[in-house]
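S.K.: One structure, pasted below without further comment.
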Amino acid sequence: ETGVTQTPRHLVMGMTNKKSLKCEQHLGHNAMYWYKQSAKKPLELMFVYNFKEQTENNSVPSRFSPECPNSSHLFLHLHTLQPEDSALYLCASSHRGNTEAFFGQGTRLTVV
Amino acid sequence: EDQVTQSPEALRLQEGESSSLNCSYTVSGLRGLFWYRQDPGKGPEFLFTLYSAGEEKEKERLKATLTKKESFLHITAPKPEDSATYLCAVRSLETSGSRLTFGEGTQLTVNP
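Line by line, the protein sequences are chains S and L. Sequential numbering from -4 applies to the first sequence in the numbering used here. Sequential numbering from 3 applies to the second sequence in the numbering used here.
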């Protein structure tokens, strides 16, 4: 069992669809993150959750809706996305504070 | 605002040809600096954490060093399997306790 697992690995969705990305961590961490990675751009922080509470929303459009039911699971609900939202979406987890974050393999999202 | 700049953008080496990657950062108090390796289509893989100037960490052919303004990732006698994008990230004392700010990465290619 890998440390941080994301599903699905690939997703193609139309602009009117609703879909969800799932992330699960088995590391006993208490902080979870969503990052977006677009071509030729740095990883862009979207949301941070600490102990299930959202502590950071980096001005993300409301068509992205995160959910963190417990410290091990994180979801990203998607609706009415735009083609420019196509990217690699990465989930990560860490102990809160100074420690390193561990990433999942990502979901490659294509919006058509 | 935290800033991370990595150079060069791309580096091509021959197998066995040692070199260094640079990560320059601007933060209001460094909580930690992190190096990751990312293979195409995959999530970043954690390599090192550095906390204070003068600190060094080593792993196989890789060695990371830290000063008050920059970090270097030294690659000694690289092999083709070291080809990847290397990412640098910082966590500062000023921002949220969990946020990581990433640079754009250095794409390393090692030719046999």
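Don't be surprised by glycine CBs; every beta carbon is placed ideally from N, CA and C. The structure presented is a predicted model; accordingly, all values stated were derived computationally and were not measured.
Give me, in chain order, the residues of the same chain whose beta-carbon lies closer than 6 Å to that of LYS65(L); leave out the 5 immediate sequence neighbours on both sides.
M.R.: Result list for LYS65(L): HIS76, in chain order.
S.K.: Check whether the Cβ atoms of LEU85(S) and PHE98(S) lie closer than 7 Å to each other.
M.R.: It is a contact, given that the beta carbons lie within the stated cut-off.
S.K.: Count the other C-beta atoms from every protein chain shown that fall within 10 angstroms of the C-beta of SER57(S), then say buried if there are 16 or more, exposed otherwise.
M.R.: With fewer than 16 other Cβ atoms within 10 Å, it is exposed.
S.K.: Can you check whether the C-beta of GLU95(S) is within less than 7 Å of a C-beta belonging to chain L?
M.R.: Cβ-Cβ to chain L under 7 Å: yes for GLU95(S).
S.K.: Should LEU73(S) be flagged as near chain L, meaning a C-beta pair shorter than 7 Å?
M.R.: Output row for LEU73(S): interface = no.
S.K.: Between the C-alpha atoms of HIS72(S) and PRO61(S), what's the straight-line distance to the nearest angstrom?
M.R.: Straight-line Cα distance between these residues: approximately 6 Å.
S.K.: Among the residues of its own chain, which have a CB less than 8 Å from the CB of LYS47(S), if the five just before and after it don't count?
M.R.: The answer, listed in chain order, is CYS63, PRO64, ASN65, SER66.
S.K.: With a 10 Å radius around its C-beta and 16 neighbouring C-beta atoms as the bar for buried, classify GLY45(L) as buried or exposed.
M.R.: Buried, since its Cβ has 16 or more Cβ neighbours within 10 Å.
S.K.: Count the C-beta pairs between the stretch 28 to 41 of chain S and the stretch 100 to 111 of chain L that are closer than 8 Å, then say yes if the count reaches three, no if not.
M.R.: The stretch 28 to 41 of chain S is in contact with the stretch 100 to 111 of chain L.
S.K.: Just the chain S side, please: which residues come within less than 7 Å of PHE104(L) by C-beta, in chain order?
M.R.: Within 7 Å Cβ-Cβ: PRO37, LEU38.
S.K.: So for GLU96(L), helix, strand or coil by DSSP?
M.R.: Coil.
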